[in-house]
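Working notes, structure below.
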Amino acid sequence: MSIGVTFADKVHTADDWGLKLLSIYIPMPEPKTQTIDISGGDGTIDLTEINGRPSYSDRDGLELVFDIMDGNYSTWFSKYSEFAASVHGRKVKMVLDDDPDHYYMVRLKLDGKKTNPVYGQITFSGTAEPFKYDLQASNEDWLWDTFNFETGVIRELKDLSITEENNTITITGGGIDTAPVFIVTEADNLQFAYGGRTYTLKVGRNRFPAVRVGEDDVTLTFSGTGKLSVEYRGRYL
């Protein structure tokens, strides 16, 4: 059982709010199925994976139940307002103590029907985006004090120089496919090849929807010269 959660990189439910986590429910996202009925025929045409994989809805029905550890009824309502000001209705990052390498983007509300001042219980309910994400993106500095050396993945793709001798970049994959962003600060005819096509990079942010990184590592070979960072963050069900 997780000791607690951290909201918005700054508030820990146990350390800062004195809440004991009683239960947590994070549902799996529902796949978005798409079928076409065959008029006068048998069955349906299933287009759910027409783009190579299912798409997913938000994780609806997320719920976290806490107990106020100090048990002081007289302070319950002031704490209730404090929690509401920080989280209620806001879209915030949520990190579980049991899964410190990843985060969820959630929109929670204080559930008045399930919150009981007599028992000192607080219930947050709401939704989360379909995926959980790696805490660190490939172009961000690593937080070594929280890094898990057994399960963590290191991607250091920041301020890379592309030259004739140093012209390949490997992006370590992670989970559901997504398009990385190439942040270019210098470019002299800078290009790379992927999937039989050539893509030209210009100074600024470059994103190509057809260039995807998923479970497998992707190695890109460049031509020209330049300097860039790759912004990629693994995402998972």
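Residue numbers in the sequence shown follow the UniProt record's numbering, run continuously in steps of one, and reach 237 at the last position.
Cβ coordinates follow ideal geometry from the N, Cα and C atoms, glycine included.
Practice task
With distances taken Cα to Cα, identify the nearest neighbour of G234 among T225, H102 and S161.
Solution key: On the sequence shown, residue 234 is found 234 positions in, with the first residue counted as 1. Of the candidates T225, H102 and S161, the one whose C-alpha sits nearest the C-alpha of G234 is H102.
Exercise for the section: Inspect the CB distances between the region 122 to 135 and the region 188 to 206 and report whether three or more fall short of 8 Å. Expected result: no
Exercise for the section: Return the residue from the list Q191, T44 and Y25 that minimises the CA-CA distance to G226. Expected result: Walking along the sequence shown from the start, residue 226 turns up at place 226. The option with the nearest alpha carbon to G226 is Q191.
Handout entry: Burial state of Y236, where buried means 16 or more other Cβ atoms lie within 10 Å
Key = Taking the sequence shown and counting its residues from 1, the one referred to as residue 236 is at position 236. So Y236 ends up on the exposed side.
Problem - Beta-ladder partner(s) of F66, from DSSP - result: In the sequence shown, residue 66 corresponds to position 66, counting from 1. According to DSSP, F66 bridges with L21 and I122.
Exercise for the section: State the start and end residues of the unbroken beta strand (DSSP E) segment that holds K91. Expected result: For the purposes of this step, residue 91 is taken as the residue at position 91 of the sequence shown. Where K91 is concerned, the enclosing beta strand (DSSP E) stretches over K91 to L96.
Exercise for the section: Just mark T13 as buried or exposed, buried being the case when its beta carbon has 16 or more other beta carbons within 10 Å. Expected result: As a first step, residue 13 must be located in the sequence shown, where it is residue number 13. T13 comes out buried.
Exercise for the section: In angstroms with no decimal places, state the Cα-to-Cα distance between L47 and E156. Expected result: Locating residue 47 in the sequence shown gives position 47, counting from the first residue. Locating residue 156 in the sequence shown gives position 156, counting from the first residue. So the two alpha carbons sit approximately 37 Å from each other.
Practice task
Return yes when the Cβ of D58 is within less than 8 Å of the Cβ of P29, no when it is not.
Solution key: For the purposes of this step, residue 29 is taken as the residue at position 29 of the sequence shown. For the purposes of this step, residue 58 is taken as the residue at position 58 of the sequence shown. Yes, Cβ-Cβ distance for P29 and D58 is below 8 Å.
Exercise for the section: Indicate the three-state DSSP secondary structure (helix, strand or coil) for M1 in the structure shown. Expected result: Counted from its first residue, the sequence shown places residue 1 at position 1. Residue placement at M1 is flagged as unreliable, the pLDDT there being 48, under the threshold of 50; the coordinate-derived value follows with that caveat. Correct three-state label for M1: coil.
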